[in-house]
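**Student:**
As structure tokens, then:
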């Protein structure tokens, strides 16, 4: 699945709702998209894998030892701007940093992406901290495969949204409607709590 795709299929939602025709496909597809984006916002991350090759993103490190980035499954290169000029001219080797969570495991569950990069102080490396982004990571962004709780929670919320007669599916969008429905649904919110970015402990 590419970035922005829904986390569950239209067929799966129609099966839950016992819908055997195409009359409501547009509305159900919208419900899936709203629910999926609500999952993203609730968790503070998205779970699909970016298509294509690795791309560069810039970050301001959290400290000289740590840089928190978007979720990624692999890293091609890491460079820093030591002179505070906007040029990432110092390329670090793989021994200059460490990726967390270690081994892609959190609470015994494998398959997690990395989202923290630690400078290897033993190698004399420190992230430069200025008033601008000083770290550039070239990575394959996203999750290799999202956990089972994500499509299940998406379906739970999409089913609830689809059943609302006055759901805000008008022109333009739906604001925070998706995340509100995720928060309000105790089953979905419990399933996703482990995957909330700020609630996860690094293994």
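Numbering (the working numbering), first residue to last: 1 to 203. Note that beta-carbon positions come from the ideal geometry of N, C-alpha and C, so glycine has one too. It should be emphasised that the depicted structure is a prediction, and the values quoted were computed from it without experimental measurement.
(1) How close, in whole Å, do the beta carbons of residue 73 and residue 124 come, if the pair is a contact with beta carbons under 8 Å?
(2) Check each candidate in 186, 148, 105 and 87 and name the one with the smallest Cα separation from residue 48.
(3) Where in the region 60–86 do unbroken runs of the beta strand (DSSP E), each at least 3 residues long, occur, reported from the N-terminal end onward?
(4) For residue 180, report the span of its alpha helix (DSSP H) as first-last.
(5) Please list, in chain order, all residues of the same chain as residue 88 whose beta carbon is under 7 Å from its beta carbon, the five residues on each side excluded.
(6) What are the start and end residues of the beta strand (DSSP E) that includes residue 118?
(7) Measuring only the C-alpha atoms, how far is residue 152 from residue 188?
(8) Bridge partners for residue 91 per DSSP, in chain order?
(9) Within 10 angstroms of the Cβ of residue 4, are there 16 or more other Cβ atoms? Answer buried if so, exposed if not.
(10) Which residue comes first and which comes last in the alpha helix (DSSP H) that contains residue 19?
(11) Start and end of the alpha helix (DSSP H) containing residue 109?
(12) Tell whether a beta-carbon distance below 7 Å holds between residue 155 and residue 8.
(13) How would you call residue 52, buried or exposed, if buried means at least 16 neighbouring beta carbons within 10 angstroms?
(14) Of the residues 194, 122 and 33, which one's Cα is nearest the Cα of residue 161?
(15) Could you have a look at residue 148 and say whether DSSP puts it in helix, strand or coil?
(16) State the Cα-Cα distance for the pair residue 178 and residue 46, rounded to the nearest angstrom.
(17) Could you tell me the alpha carbon to alpha carbon distance between residue 197 and residue 157, rounded to whole angstroms?
(18) Could you please give me the residues that DSSP links to residue 141 through a beta bridge?
**Tutor:** Based on what the coordinates show:
(1) Looking up residue 73 in the chain shown gives position 73. Looking up residue 124 in the chain shown gives position 124. The pair is not a contact, with the Cβ atoms about 28 Å apart (cut-off 8 Å).
(2) Locating residue 48 in the chain shown gives position 48, counting from the first residue. Comparing Cα positions, the closest option is 148.
(3) Note on the region 60–86: whole beta strand (DSSP E) runs with a minimum of 3 residues are 66–80, in chain order.
(4) Taking the first residue of the chain shown as position 1, residue 180 is located at position 180. Here the alpha helix (DSSP H) through residue 180 covers 177–184.
(5) As a working note, residue 88 is residue 88 in the chain shown. Contacts found: 79, 80, 81 and 136.
(6) Translated into the one-based positions of the chain shown, residue 118 becomes position 118. Taken as a continuous stretch (DSSP letters only), the beta strand (DSSP E) holding residue 118 covers 114–119.
(7) Taking the first residue of the chain shown as 1, we reach residue 152 at position 152. Taking the first residue of the chain shown as 1, we reach residue 188 at position 188. The straight-line gap from Cα to Cα measures roughly 8 Å.
(8) The sequence position of residue 91 within the chain shown is 91, counting from 1. According to DSSP, which records beta bridges pairwise, residue 91 is partnered with 79.
(9) As a first step, residue 4 must be located in the chain shown, where it is residue number 4. Burial call: exposed.
(10) Taking the chain shown and counting its residues from 1, one reaches residue 19 at position 19. Element bounds for residue 19: n/a, residue is neither H nor E.
(11) Here residue 109 refers to the residue found at position 109 of the chain shown. Neither: residue 109 is in no alpha helix (DSSP H) and is coded neither H nor E.
(12) Looking up residue 155 in the chain shown gives position 155. Looking up residue 8 in the chain shown gives position 8. Yes.
(13) Position 52 of the chain shown holds residue 52. Looking at its Cβ environment, which holds fewer than 16 other Cβ atoms inside 10 Å, residue 52 is exposed.
(14) As a working note, residue 161 is residue 161 in the chain shown. Among 194, 122 and 33, the Cα nearest to that of residue 161 is on 33.
(15) Taking the first residue of the chain shown as 1, we reach residue 148 at position 148. It is coil, neither helix nor strand.
(16) Here residue 178 is taken as the residue at index 178 of the chain shown, counted from 1. Here residue 46 is taken as the residue at index 46 of the chain shown, counted from 1. If I take the Cα positions, the gap works out to 14 Å.
(17) Counting from 1 along the chain shown, the entry for residue 197 is found at position 197. Counting from 1 along the chain shown, the entry for residue 157 is found at position 157. So the two alpha carbons sit approximately 20 Å from each other.
(18) Walking along the chain shown from the start, residue 141 turns up at place 141. 72, per the DSSP bridge assignment.
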